[in-house]
């Protein structure tokens, strides 16, 4: 088995399953993810949101436009910000995010438990691996000094 492929395939499967569930609420995975990120980090710009959810700025602009049209986020320029626009989740957007979060639930945790895997331990292992992959140069330098 190839770890990289298995992780990629798992993420792709999870994204598709989430899209199916979220489509019942008129959202895609990326739109839901934008609501989650913005509910935790209000005032982000489109560029910052694009980086956070991992899609291009043009795609994020389109996503933001649809969320604004639905009344889930506000895209405004605060006083003194010039042309820089900041994104905030509306109360309607918070309700929608909460409904969708409940729909998505803890199904992956349940799947892990069914096959004898502790979800918290697995999440910790994945976080450590992710941290290692994000900082390969620092890890390589540290390993050379051991």
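Numbering (the numbering used here), first residue to last: 782 to 927.
Glycine residues also receive a C-beta, built at the ideal position from the N, C-alpha and C atoms.
Cβ pair residue i, residue j closer than 8 Å
i, j, result
"residue 828", "residue 821", "no"
"residue 823", "residue 871", "no"
"residue 860", "residue 834", "no"
"residue 808", "residue 818", "no"
"residue 885", "residue 792", "no"
"residue 865", "residue 858", "yes"
"residue 890", "residue 900", "yes"
"residue 903", "residue 893", "yes"
"residue 826", "residue 867", "yes"
Residue i, DSSP secondary structure in three states
i, result
"residue 869", "strand"
"residue 856", "strand"
"residue 808", "coil"
Selected residue, minimal CA-CA separation from residue i, among the options
i, options, result
"residue 881", "853, 906, 867", "853"
"residue 878", "790, 783, 804", "804"
Nearest-angstrom beta carbon gap, residue j and residue i [assumed within contact, 8 Å]
i, j, result
"residue 788", "residue 811", "About 19 Å separates the two Cβ atoms, so there is no contact after all."
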